[in-house]
Structure formats: C-alpha cells, structure tokens
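Below: the structure, in structure tokens.
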Amino acid sequence: MTRTCLGWYLRNFNLTIEVNVQGAVVWSVDWTELFAGGGDKGFDPHEPEILPNDHLLVCLQWETPYQAVEIVRESREVVWQYHRDNLRTARDCNRLPNGNTLIVGVLAGPEDSVIFEVTPAGEIVWQLKLKNTPADRSPGWFYKAQRMCDSG
220 MTRTCLGWYL RNFNLTIEVN VQGAVVWSVD WTELFAGGGD KGFDPHEPEI LPNDHLLVCL
280 QWETPYQAVE IVRESREVVW QYHRDNLRTA RDCNRLPNGN TLIVGVLAGP EDSVIFEVTP
340 AGEIVWQLKL KNTPADRSPG WFYKAQRMCD SG
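Position one of the sequence shown corresponds to residue 220 (this note's numbering), numbered consecutively onward.
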C-alpha cells in the first residue's frame, strides 16, 4: 500500500489525522470520542504508526493512564493497549518484527527516563532506565527509540 500524506497528528487537539498531498483529510480519529467520557481530558497522541495490517499504533500521554494503543483504523476498535501504573509519560511506541512493542517514557517516583520492550501480553522483556537524572515534569531524556535487529 502506498501512502502519500502530509501530516499525521494534531496532538494538542486530541486528533490523529491522515492528509493527502492535496491537503484533504482522508482519515481521522478524535481520541476524546474514541474513549467515551474523555470530555475535556487531554490525550496528546504521540508518534502514530500505521502497521502493515492497516492498524494504528500510537502513544497517548497527556493524562493517566499513559499508554500505547493499537486501533483498527476502519472501525476504530481498540485491539491492544498497554499501560503500567508508574508510567508518567509515553512518548513513542513502535511495533517490532517479533510482534513486541518498544515504548519510550518516564517512570513516576524516581522520574527515571525509560525505554522498554513488551510482549503482546504486556510482559516486559527488557528495559533501559536512565537513573539519577530526574526528568521532573519534563517529558524525559529519551524522546524516540529504534531497536536495531541483527539479521545474522
């Protein structure tokens, strides 16, 4: 499938959109409508990724629960989501070739910036924390991450 788009998200408006090269919106989702009762709640969608199955994977990080969410684009059905109790921000998430998800965020408490990988069942495979470098109220020291796989 070939995509020609200009933009993906208007995070401060709780929207993720797809715009064609002519500037027309061809698809969108309003996160306050998707999560009924969201009202004035901010979802601040970050780093949307269209998966090979045409689902959308995105981080929602403004108000708890901070989470990674996968939806079916056509129906907007939530088919997968991950959050952990001490996750204070969720900045970036990527689906890996093995089906796991790589997530970047900040853990509450000691305010450690973290990159971690979770299975579809939500089990943490590994994590990297930046300790003794408080993120305070900032989005953390890590913004994005990419897992490089050795093909050999």
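Just so it is clear, CB atoms sit at the ideal spot from N, CA and C, and this is done for glycine as well.
Residues of its chain near residue i, where Cβ-Cβ distance is below 8 Å and the 5 sequence neighbours each way are ignored
| i | result |
| --- | --- |
| ASN300 | Residue identity differs from the one stated: residue 300 is Gln in this sequence, not Asn. For GLN300, where only same-chain residues beyond five positions count, the Cβ hits under 8 Å are GLN286, ALA287, VAL288, GLU289. |
| TRP250 | ASN233, LEU234, THR235, GLY257, PHE262, PRO264, LEU279 |
| GLU268 | LEU275, LEU276, VAL277, CYS312, ASN313, ARG314 |
| GLU293 | ASP273 |
| ARG366 | ASN313, LEU315, LEU321, GLU336 |
Extent of the continuous alpha helix (DSSP H) to which residue i belongs
| i | result |
| --- | --- |
| GLU252 | 250–253 |
Nearest to residue i (by Cα), restricted to the options the options
| i | options | result |
| --- | --- | --- |
| ASN266 | LEU315, VAL323, GLN241 | Sequence check: residue 266 is Glu here, not Asn. Ranking LEU315, VAL323, GLN241 by Cα distance to GLU266 puts VAL323 first. |
| LEU378 | GLU296, GLU330, ARG310, ARG366 | Summary: the structure shown does not reach residue 378, with the chain confined to residues 220 through 371, and so no result is reported for it. |
| LEU253 | ASP304, GLU296, GLN241, LEU321 | GLU296 |
| ASN305 | LEU321, VAL291, PRO284 | PRO284 |
| VAL291 | ARG310, SER247, HIS302 | SER247 |
| ARG298 | ALA243, ARG310, PRO339 | The residue asked about is misnamed: residue 298 is Val in this sequence, not Arg. Minimum Cα distance to VAL298 is reached at PRO339. |
Integer-rounded CB distance, given that residue j should sit under 8 Å from residue i
| i | j | result |
| --- | --- | --- |
| LEU347 | VAL333 | 7 Å |
| LEU270 | ARG314 | 6 Å |
| VAL337 | ASN319 | 6 Å |
Beta-carbon contacts of residue i that lie in its chain and below 6 Å, excluding the five residues immediately before and after
| i | result |
| --- | --- |
| ARG307 | VAL325, ALA327 |
| ILE343 | PHE335, VAL337 |
| TRP345 | GLU336 |
| GLY341 | TYR301 |
Span of the beta strand (DSSP E), counted from its first residue to its last, around residue i
| i | result |
| --- | --- |
| PRO267 | 264–269 |
| THR338 | From DSSP, THR338 is part of no beta strand (DSSP E); its letter is neither H nor E. |
| GLU296 | It is not in any beta strand (DSSP E) - GLU296 carries neither H nor E in the DSSP assignment. |
| ALA309 | 306–314 |
| LYS348 | 343–349 |
| VAL288 | 286–291 |
| VAL240 | Here VAL240 belongs to no beta strand (DSSP E), and DSSP marks it neither H nor E. |
Own chain partners of residue i with C-beta closer than 7 Å, once the 5 adjacent residues on each side are dropped
| i | result |
| --- | --- |
| HIS302 | PRO284, TYR285, GLN286 |
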